[in-house]
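Here the sequence shown is numbered in the numbering used here, starting from 273 and rising by one per residue.
We treat Cβ as the ideally placed atom computed from N, Cα and C, and that holds for glycine.
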Amino acid sequence: MYLLLLTSILGLVPGNALAGTLEARQAVSISVNLAQTYQTMDGFGTSEAFQRAVTIQRLSETEQRRALDLLFSMDKGAGLSILRNGIGSSPDMRDDHMVSIQPKSPGGPNAAPQYVWDKSDNGQLWVSREAVHTYGVKTIYANAWSAPGYMKTNGNDANGGSLCGVSGASCSSGDWKQAFANYLVQYIKYYNAENITITHLGFLNEPDYTTSYASMRSSGTQAADFIKILRPTLDNNNLTDVIINCCDTMSWTAANGMLGQMRSVENMIGTVTGHAYTSSATSQLSTKHKTWMTEAADNNGAWTSAWYSNGGAGEGMTWANNIYSAITGGNVSAYLYWIGAQDRPSTTNSKMIRVVNKAVDPSKRLWAMANWSRFVRPGAVRLGASGSGVRTTAFKNVDGMVSVQVINSGNGRDVTITVSGGDFKATNATAWVTDNTRDCNTIPATVDASGKVTGNVPARSMVTFVLRQ
273 MYLLLLTSIL GLVPGNALAG TLEARQAVSI SVNLAQTYQT MDGFGTSEAF
323 QRAVTIQRLS ETEQRRALDL LFSMDKGAGL SILRNGIGSS PDMRDDHMVS
373 IQPKSPGGPN AAPQYVWDKS DNGQLWVSRE AVHTYGVKTI YANAWSAPGY
423 MKTNGNDANG GSLCGVSGAS CSSGDWKQAF ANYLVQYIKY YNAENITITH
473 LGFLNEPDYT TSYASMRSSG TQAADFIKIL RPTLDNNNLT DVIINCCDTM
523 SWTAANGMLG QMRSVENMIG TVTGHAYTSS ATSQLSTKHK TWMTEAADNN
573 GAWTSAWYSN GGAGEGMTWA NNIYSAITGG NVSAYLYWIG AQDRPSTTNS
623 KMIRVVNKAV DPSKRLWAMA NWSRFVRPGA VRLGASGSGV RTTAFKNVDG
673 MVSVQVINSG NGRDVTITVS GGDFKATNAT AWVTDNTRDC NTIPATVDAS
723 GKVTGNVPAR SMVTFVLRQ
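Here it is, written out as structure tokens:
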């Protein structure tokens with residue numbers, strides 16, 4: 273080693289030859305085991321709630337399309353497969369309020385409803401139609417941040433308060449549980465009439481947190497009280513396929529506390545949901561159901577579009593690692609970033625795409641999502657995967673394609689990938705890299721006669737290898 277360095281210094285060995293020699297010493301062997309399986313994935317997604325969709329609609333048609341392509345296109349963007357809509361509860365669209373489908377009280381919980389459908393839903397109907405009918409998205413999660421204020425103990429859809437009629441929440445106006453269930457069903461019916469199927473329904477958002485925008489407090493016991501009304505109401509309206517999600521807690525681990533009080537309705541829900549703000553989704557929740565991480569973002573850091581600079585909270589590589597930890601540690605079946613695109617005053621990393629001078633500007637957070645979402649499609653099953661010195665995962669997709677994700681925080685590495693535990697033998701391989709200069713771009717990968725795949729993972733990058741038989 274001493275002679276090699278000395279001759280390089282003296283100019284007797286070209287520097288690139290030395291680099292190649294050192295690089296070869298950092299080769300990584302990745303093993304994928306088809307016989308070792310974990311969770312089945314539902315996908316990756318985002319939201320355009322709180323009128324973010326309206327702000328995108330105000331752009332030129334060219335920039336609208338670019339924003340939608342960046343979010344949902346499998347070729348030009350992240351290929352997201354889940355859209356989370358906010359079910360409005362506000363009486364108006366002032367500021368970023370999400371207007372309700374019943375802005376005014378009908379007079380009481382047993383009065384005839386006075387629903388209003390504006391065929392916009394705060395701009396979300398347009399985004400949903402594009403996601404479903406242009407890009408093929410099949411999972412639409414409709415989530416209420418709160419019930420309308422007249423259904424709550426505090427008379428306001430913001431600032432907490434609880435749903436009238438659940439345990440410990442009595443109101444002079446009466447018990448609004450059934451009326452709220454009917455309200456949610458009507459929202460789904462409006463979308464069905466627009467040829468858009470709501471697949472998942474949530475009635476709470478961060479019930480462990482009180483804030484100045486739409487919010488509603490709930491314990492697990494109170495959530496169970498409502499689910500006992502909501503599930504049969506859905507079923508009686510021929511919505512048996514709609515999956516109830518619960519409960520989108522602010523803290524990932526707080527979901528366990530609620531679940532402990534909800535065992536009596538465990539068979540009525542289908543997905544347990546939580547956010548990654550006050551605790552991260554790095555541990556499994558105590559449930560037999562699938563779990564989704566439905567909201568996370570860097571809501572405080574100054575906007576950055578960087579992949580890697582100093583490991584900051586808003587950098588793309590940070591989010592590639594956050595997703596890795598949630599999938600491998602939290603065993604999540606879905607991962608959603610808070611906001612996809614927005615054109616409104618904000619200098620934080622709360623969104624993946626911002627608008628500058630009426631033109632969309634994607635961050636590397638979006639491309640981190642792309643390296644996962646494009647190649648881990650709904651129905652993919654996570655496989656056993658290991659490799660020293662890198663973070664790696666592997667999935668077998670419904671179409672038989674195997675994707676292998678490699679996150680490399682060090683120097684560039686040559687990698688070899690072998691697949692065992694089944695009858696899969698790769699005959700074709702491609703690789704896709706995201707780093708400081710590339711956005712899910714192709715790089716070379718080769719397959720030998722035995723099916724072993726060889727490629728390179730550049731320094732501080734994420735590469736997804738796609739293997740086909």
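With burial defined as no fewer than 16 other Cβ atoms inside 10 Å of the residue's Cβ, what is the status of residue i: buried or exposed?
i: K424; result: buried
i: Q386; result: exposed
i: A598; result: buried
i: Q741; result: exposed
i: R716; result: Position check: residue 716 holds Pro in this sequence, whereas Arg was assumed. Classification for P716: exposed.
i: S536; result: exposed
i: D390; result: exposed
i: P634; result: buried
i: D570; result: buried
i: G682; result: exposed
i: V691; result: buried
i: K238; result: An answer regarding residue 238 cannot be provided, because it is not within the stretch 273 to 741 covered by the chain.
i: N464; result: exposed
i: G672; result: exposed
i: S722; result: exposed
i: G694; result: exposed
For the putative contact between residue i and residue j, defined by C-beta atoms under 8 Å, what is the C-beta separation to the nearest angstrom?
i: K636; j: T706; result: 7 Å
i: M589; j: R732; result: 6 Å
i: I515; j: T469; result: Actually they are not in contact, since the Cβ atoms of I515 and T469 sit about 12 Å apart, beyond 8 Å.
i: V662; j: L739; result: Actually they do not touch by this definition, with Cβ atoms about 17 Å apart.
i: R654; j: M313; result: 7 Å
i: A486; j: S361; result: 5 Å
i: A325; j: L331; result: Contact flag wrong, Cβ pair sits at about 11 Å.
i: G317; j: A606; result: 7 Å
i: A496; j: L476; result: Going by Cβ atoms, the distance from A496 to L476 rounds to 12 Å, so no, they are not a contact pair.
i: L306; j: F696; result: 6 Å
Taking the straight line between their C-alpha atoms, what separation do you get for residue i and residue j?
i: S442; j: C436; result: 5 Å
i: S645; j: G380; result: 45 Å
i: N431; j: L456; result: 21 Å
i: A568; j: S303; result: 31 Å
i: T505; j: A453; result: 7 Å
i: T736; j: A383; result: 56 Å
i: A652; j: V409; result: 15 Å
i: S353; j: S444; result: 43 Å
i: N415; j: K724; result: 44 Å
i: S214; j: T702; result: Residue 214 is absent from the structure shown; the chain starts at 273 and stops at 741.
i: H369; j: H547; result: 21 Å
i: Q677; j: T665; result: 5 Å
i: T334; j: V670; result: 34 Å
i: T521; j: P479; result: 6 Å
i: S552; j: Q396; result: 28 Å
i: Y459; j: N680; result: 45 Å
i: M734; j: G684; result: 11 Å
i: W575; j: W524; result: 25 Å
i: I501; j: E587; result: 43 Å
i: L473; j: Q450; result: 16 Å
i: T619; j: Q336; result: 21 Å
i: M400; j: D507; result: The question names Met, but residue 400 in the sequence shown is Ser. Near 24 Å, if we compare the C-alpha coordinates of D507 and S400.
i: T406; j: S392; result: 18 Å
i: S377; j: W417; result: 18 Å
i: I499; j: Q533; result: 12 Å
Count the C-beta pairs between the region 707–714 and the region 618–629 that are closer than 8 Å, then say yes if the count reaches three, no if not. Below 8 Å, too few C-beta pairs join the region 707–714 and the region 618–629 to call them touching: fewer than three.
Length at least 3, wholly inside the region 688–731: the beta strand (DSSP E) runs in chain order: As far as the region 688–731 is concerned, its whole beta strand (DSSP E) runs of at least 3 residues are 700–706, 713–715, 717–719, 725–729.
Completely contained beta strand (DSSP E) runs for the region 288–361, where each covers 3 or more residues: 300–312, 315–319, 354–359
Enumerated in chain order, which unbroken segments of the beta strand (DSSP E) with a length of 3 residues or greater are wholly contained in the region 465–506? 472–474
Determine, using beta-carbon pairs with one atom in the region 333–350 and one in the region 552–569, whether at least three such pairs fall under 8 Å. Under the three-pair Cβ rule at 8 Å, the region 333–350 does not count as touching the region 552–569.
Run through the region 498–581 for me and flag every whole alpha helix (DSSP H) of 4 or more residues, listed as ranges in chain order. 526–532
Unbroken alpha helix (DSSP H) runs of length 4 or more, entirely within the region 621–695: which are they? 636–645
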